[in-house]
Amino acid sequence: MYYKQTELIPHLFRTEYRKIVSVLCKLFGIEHIEIAEDIVSDTFLLASELWGLKGLPENPTAWLYVVAKNKTKDYLKRDSLFAQNISKEIKSNAPISEEIEIDLSVKNTNDSQLAMIFVVCHPCNPAESRIGLALNLLCGFGVEEIANAFLTNKKVIYKRLQRAKEKLRAEKIKIEQPTLPEIDDRLSTVLMVLYLLFNEGYYSSSQDITLRKDICLEAMRLTSLLIDSRACEGNEQDEERDVPERSEGNEQGRARDEALTKSLAKFSQMNKPFANALLSLLCFQASRFDARLNQNGEIILYEEQDTDLWDQELIAKGEYFLNQASQGDKISKYHLEAGIAYWHTIKADTKEKWENILQLYNQLLLIEYSPIAALNRTYALAKANGKKEAIIEAEKIKLTGNHLYHSLLGELYTDVDNTKAILHLQNALALARSRADKMVISNKICRLGP
Amino acid sequence: MKDFLLVYRTDYNTMPKGSSPEQMQASTKRWMDWIGGIAAQNKLTDRGNRLVPSGKVVKADNVIADGPYTEIKECIVGYSIVKAASIEEATELSKGCPILAIGGNVEVREINVL
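Laid out in structure tokens, this is it:
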């Protein structure tokens, strides 16, 4: 029993913290984010104390909601300043009669989280802060876990989060109503943050595999939220509400909610293909999660992976979302990367596979240059057109300060000119920083021998 | 880094006609591999476009001539914009352009931004 509880509270913390915080933030406004966080933290503190003494309540989630609601109401009554200044605002914002209603229905938690995604991804904060905020507010990760993922200490992350929240407060970012131009503006940032969030888990050097996988799953969950949310569908019918219908008489609040629903629906029409493409990419990548790391969290190279460990269900999902993404006439880098990832789900080295990958990389580079795309494109060029051509092209890239560049040349020169291959691999070894990278390169040098 | 316009010219009369889908695909691949190689060096500003063969030439006194311009051996078939530190570097990038393999040429011109 006790063991179960110790497992349950972190789990509930992860899944429920973010929901309640989002709903409260939407209610109070982002400037009172700390109050929202305090209320939810208090709720969990009380849960861990009481449940330890008395055992689990029948429905722990419902218990948390009731306690959080009561604490919020208490807070509003107790804090006169808040009551005077904020309650007034809430009363005009939120659909309430006498009592302030805290709506923790599925629809409102989803809407609130979706609105929070746009707040968290606001460009007033630098990218690393946005990822930190996303992990903290959208995924329910604690400071310690985030520090672990970023391979830094708690103090750094704590400061970063505080600064980012302060910035949101100072900029008076509204949660309620992202206008259409705002949504347009911010969508690319939202997708980028989700993409980076996934990569944080996928490529992190952290030894904590469970944590890394959780981060990847969270990025996928949030991307699904963009695609699946009923708000996104523009479906305004009320379904399965576990909170009674709101009282009539607050037209303003209702109008606000409808405006949000409408702008999100519009967002979905315009941008669903991009979000689908991103989700497809994440599914394909995640399908290899178990195959690409050994028990010590060390990288197993693609060629050496056990394909039995590839998650076929995720591959099928990736294919489904890639089909969904093909609606519309715009192509994003996520489409191209999803296409590349799709071809990587086929292990056999066929001419067709590498020709397709090469052309996808060519197109990707036309949309957006990145060193990693340039290097991968050259690898695909070697597979499709032969090493001779690829070596000439690789040497033009001249990313001499990048260990991956030398690793690539090491790979290309292998069996063509092994002396040069070893030279490049030694350069790569000198430039590589992570232990995992160094080990992969050392192994290659060993294989070539002196 | 400065921008350079690459102008692709060739003689329409000598261009391969009635290509099979396979030939067209092979031609697309040559162009994409070449332009992708420039992009991989982070030296592509704008992949540019192809131009359709027919066109008009407007001269003084409302004299309008039809294209294609059979009287000139070479006409413009497309363009791209690359970035390079010097005209020499831009010229170097133009080597390997697929237009060269079908008897055409590349004119490299520095863009003087207005």
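Quick note, the sequences are listed as chains A and B, same order.
Here our numbering runs 930 ahead of the position in the first sequence, where the first position is 1.
Here our numbering runs 420 ahead of the position in the second sequence, where the first position is 1.
We put the CB at the ideal spot given by N, CA and C, even for glycine.
Note that the structure is predicted; figures quoted are calculated from it, not measured.
Ignoring anything shorter than 4 residues, give me the alpha helix (DSSP H) runs that lie fully in the stretch 1204 to 1258 of chain A, in order along the chain.
1242 to 1255
Could you say if the stretch 1038 to 1054 of chain A and the stretch 1144 to 1156 of chain A meet the contact criterion of at least three C-beta pairs nearer than 8 angstroms?
yes
With DSSP as the reference, label S978(A) as helix, strand or coil.
helix
Taking a Cβ distance cut-off of 8 angstroms, strictly less, list which residues of the stretch 437 to 458 of chain B are near chain A, in chain order.
K449, M452, D453, I455, G456, G457
By the criterion of Cβ-Cβ separation under 8 angstroms, what are the contact partners of E1323(A) in chain B?
G457, A460
D423(B) and I501(B) closer than 8 angstroms at C-beta
yes
Closer than 8 angstroms, CB to CB, is L464(B) near chain A or not?
yes
Interface flag, T1261(A) vs chain B, CB-CB below 8 angstroms:
The sequence shown places Ile at residue 1261(A), not Thr. Not one chain B Cβ lies under 8 angstroms of I1261(A).
Residue(s) in a DSSP beta bridge with Y428(B)
G498(B), V526(B)
Closest residue to A459(B) among A510(B), Q443(B), G498(B), T434(B) (Cα-Cα distance):
A510(B)
Using a Cβ cut-off of 7 angstroms, pull out every chain A residue sitting near R470(B), in sequence order please.
Neighbours of R470(B) on chain A: none; closest Cβ ~15 angstroms, over 7 angstroms.
Beta-carbon neighbours of N1292(A), restricted to chain B and to distances below 8 angstroms:
M452, D453, I455, G456, A459
Do K1102(A) and E961(A) have their C-beta atoms closer together than 8 angstroms?
yes
Cα-Cα separation, L1067(A) to H1274(A):
33 angstroms
In the DSSP assignment, find the unbroken beta strand (DSSP E) run with V478(B) in it and report its ends.
476 to 479
So what does DSSP say about R948(A), is it helix, strand or coil?
helix
As assigned by DSSP and simplified to three states, the class of V483(B):
strand
Residues of chain D with CB closer than 8 angstroms to the CB of T1308(A), please, in chain order.
Protein chains in the displayed structure are A and B, and chain D is not among them.
Whose CA, out of R1060(A), D1279(A), I1321(A), L942(A), lies closest to the CA of K1097(A)?
R1060(A)
Which residues bound the beta strand (DSSP E) around L464(B)?
464 to 470
A1436(A): contacting residues in chain B (beta-carbon distance under 9 angstroms)
Examination of residue 1436(A) is not possible in this model, given that chain A is present from 931 through 1380 alone.
Establish whether the CB of Q1356(A) and some CB of chain B are separated by less than 8 angstroms.
no
Tell me the rounded alpha-carbon separation between S1035(A) and Y1264(A).
32 angstroms
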